[in-house]
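Residue numbers (our numbering): 8 to 145.
Quick reminder that beta carbons are idealized off the backbone N, C-alpha and C, glycines included.
Below: one structure, written as structure tokens.
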């Protein structure tokens with residue numbers, strides 16, 4: 008996880024530096040600062056900072072993985088990778104909610120977009136709590 012954290016930290020520095028340079032370059036243009044690009048650069052820096060910070064904290068808690076060794080073999084990573092629900096319909100419903108949100112937002116129908124956002128939140132909660140309620144509960 009330290010490698011992933013380092014990659015995202017480098018990306019954070021790149022986006023921040025690129026945002027500063029972009030701001031300075033567009034400030035001296037004839038029309039002034041181009042705010043959409045500036046905000047996009049700094050938001051990208053913020054998002055990569057969030058991911059890098061998460062990976063840095065997780066790297067402290069997990070044991071060293073085969074990916075972290077220089078001389079690791081492919082077989083070292085064999086075994087169970089995690090649990091993936093084989094029969095869950097929740098991802099499809101989340102995607103349908105996202106599609107509804109996109110249609111509502113693109114057409115300017117904000118009530119439909121708000122309804123779709125509620126659908127997304129509800130289906131995401133259903134996905135998270137899928138194995139904590141109902142017949143699958145252990």
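Top-ranked residue by Cα proximity to residue i, from the options
i: residue 135; options: 92, 46 and 117; result: 92
i: residue 110; options: 98, 124 and 88; result: 124
i: residue 42; options: 35, 51, 30 and 36; result: 30
i: residue 19; options: 39, 73, 40 and 50; result: 50
i: residue 44; options: 55, 37 and 32; result: 32
i: residue 108; options: 115, 86 and 120; result: 120
i: residue 129; options: 103, 118, 116 and 113; result: 103
i: residue 90; options: 47, 137, 39 and 24; result: 137
i: residue 126; options: 105, 17, 87 and 40; result: 105
Host alpha helix (DSSP H) of residue i (start-end)
i: residue 14; result: 9 to 34
i: residue 67; result: 42 to 68
i: residue 99; result: 97 to 114
i: residue 127; result: 117 to 135
Same chain, Cβ closer than 8 Å to residue i, five either side skipped, listed in chain order
i: residue 79; result: 73
Close-in-space but distant-in-sequence residues of the same chain around residue i (CB under 7 Å, 5 per side omitted)
i: residue 131; result: 101
i: residue 15; result: 55, 58, 59 and 62
i: residue 52; result: 19, 22, 23 and 26
Same chain, Cβ closer than 6 Å to residue i, neighbours up to 5 away in sequence not counted
i: residue 12; result: 59, 62, 63 and 66
i: residue 84; result: 73
Test: residue i CB closer than 8 Å to a CB of chain C
i: residue 57; result: Among the chains in the structure shown there is no chain C, since it carries only a single protein chain.
Q. Okay, do the region 89 to 105 and the region 48 to 62 touch, 3+ Cβ pairs below 8 Å being the bar?
A. no
Q: Pair every Cβ in the region 72 to 91 with every Cβ in the region 8 to 17, then say whether three or more of these pairs are closer than 8 Å.
A: yes
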